[in-house]
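Everything below concerns the one structure shown next.
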Amino acid sequence: MTTALAAQQTYHLSEAETHKLWRLSQLAAGASEASALALSGLLLDLPKSVRTALLEFAEAGADSGFLLLRGVTVGDLPDTPTVHHSGALQGHPTDGTLTLVADLLGSLVGYLDEKDGALIHDVHAVPGEEKRIENSGSVAFDFHTENVHHPLRPDYLGLLCLRQDHEGVAATRVASVREAVRLLTEEQVAILRTPQFYSSYPASFTRGRSGPVPRSGPHPAVFGPYDRPFMRFNSHTTHAAGAEATAALKALSEALEAVCHNVVLEPGDLVVVDNHVAAHGRSAFVPRYDGRDRWLRRFYSVRSLPGWTQHMMPRQRVVPTLEDIQGVL
Ligand SMILES: [Fe+2]
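Numbering (full-length UniProt numbering), first residue to last: 1 to 329.
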């Protein structure tokens, strides 16, 4: 089942707002590695209604767990890359767009363990990796909260669509725990709230590593206030310790499926997801590797990081390896 996209989950930029955001994005693009302070003037110049929509989403949240901005300029684009880390858009104004939105919500960050700490991630299919459950795949990617294994998970992620798949069928699937728990029994929710779940490191954090995949936990799958809960769950990598908890996890998966919003992103659509409220995924599509394939760009944003983490950063905005912070949190 799929629910319709409610109007309050979508903000359409006016033509003037589109132009202003693009101008600020061009200025911010060269500063994406710089401190938040260097960008603060540009953040203040963002169109007031766009700022308000994003800040209200960050402060008050939304039961759906996402906000869709439509009408974002994507500019001139080269062919969709077919290799990892092509750097095809280094310095592109969309770097600036994503940095500004991430810094308005919190702070743009990358993880040294993932893509060598890249701050903006290009999401497109890579030949031979169609079945990988990460950015480079094209098979269905089930519900997950981002970096589920990590103690410093992103608070928000953003996905900007540069190009759709050829058939226009690939949907970004977003499912909120706040909507899903209404379909669960009190007993199931109580089980999901107990720390008896384990999450293996996702594929993007173990690329190039051999040996058994490490895991984090035990942790709860649902936590926070009863009327406004949060979630830590990846349908591919989160597992329960016993039969009862396994059944509760399955019920959560089914409830997420029942409340899922299928958002078919078009060029210029930027969806912002609250990573503790909503899980996200992707439906399958067929890449052609002809330079016109589906291409999204992703950011992570955190509201705050401990001071010691910031002082351990190998580069500005890059969270140290898990090995370096293991056991501290
Ligand atoms: Fe994801």
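Backbone N, C-alpha and C define an ideal beta-carbon position, used for all residues, glycine too. Fair warning: this is a prediction, and the values are worked out from it, not measured in the lab.
Q. Is there contact between the region 65-74 and the region 109-116, where contact requires at least three CB pairs shorter than 8 Å?
A. no
Q: Pull up the distance between the alpha-carbon of Met1 and that of Leu44, whole angstroms please.
A: Confidence in Met1 is poor, its pLDDT being 44 and thus under 50, which makes the residue's placement too unreliable to answer from.
Q: Check whether the Cβ of Glu146 lies closer than 6 Å to any heavy atom of ligand 1, and answer yes or no.
A: It does: the Cβ of Glu146 is within 6 Å (strictly closer) of some heavy atom of ligand 1.
Q | Strand pairing of Cys161, partner residues [DSSP] | A | Answer by DSSP bridge pairing, in chain order: Leu296.
Q.
On the DSSP letters alone, give me the boundaries of the alpha helix (DSSP H) that Ala102 sits inside.
A. In the DSSP annotation of this structure, the continuous segment of the alpha helix (DSSP H) that includes Ala102 starts and ends at 93-105.
Q: Could you tell me which residues DSSP puts in a beta bridge with Ala278?
A: Ser176
Q. Which same chain residues, not among the five before or five after Phe141, have their C-beta less than 7 Å away from its C-beta?
A. Answer for Phe141: Ile133, Gly281, Arg282, listed in chain order.
Q: Can you tell me which of Asp76, Ser210, Ala284, Val123 puts its alpha carbon nearest to the alpha carbon of Leu160?
A: Comparing alpha carbon positions, the residue from Asp76, Ser210, Ala284, Val123 closest to Leu160 is Val123.
Q) Looking only at DSSP bridge pairs, what is Ser86 linked to? A) Looking at the DSSP assignment, Ser86 forms no beta bridge with any residue, so it has no partner.
Q | Burial state of Gly110, where buried means 16 or more other Cβ atoms lie within 10 Å | A | buried
Q. When we look at the beta-carbon of Thr80 and count the other beta-carbons within 10 Å, is it buried (16 or more) or exposed?
A. buried
Q: Would you tell me roughly how many angstroms separate the C-alpha atoms of Ser107 and Ala53, rounded to the nearest one?
A: 17 Å
Q.
Cutting at 6 Å between CB atoms, please list the residues of its own chain near Val213, excluding the five before and the five after it.
A. Excluding residues within five positions, the ones whose Cβ falls inside 6 Å are Ser200, Tyr201, Thr206.
(Q) Using only the alpha-carbon positions, how far apart do Val126 and Ser235 sit? (A) 23 Å
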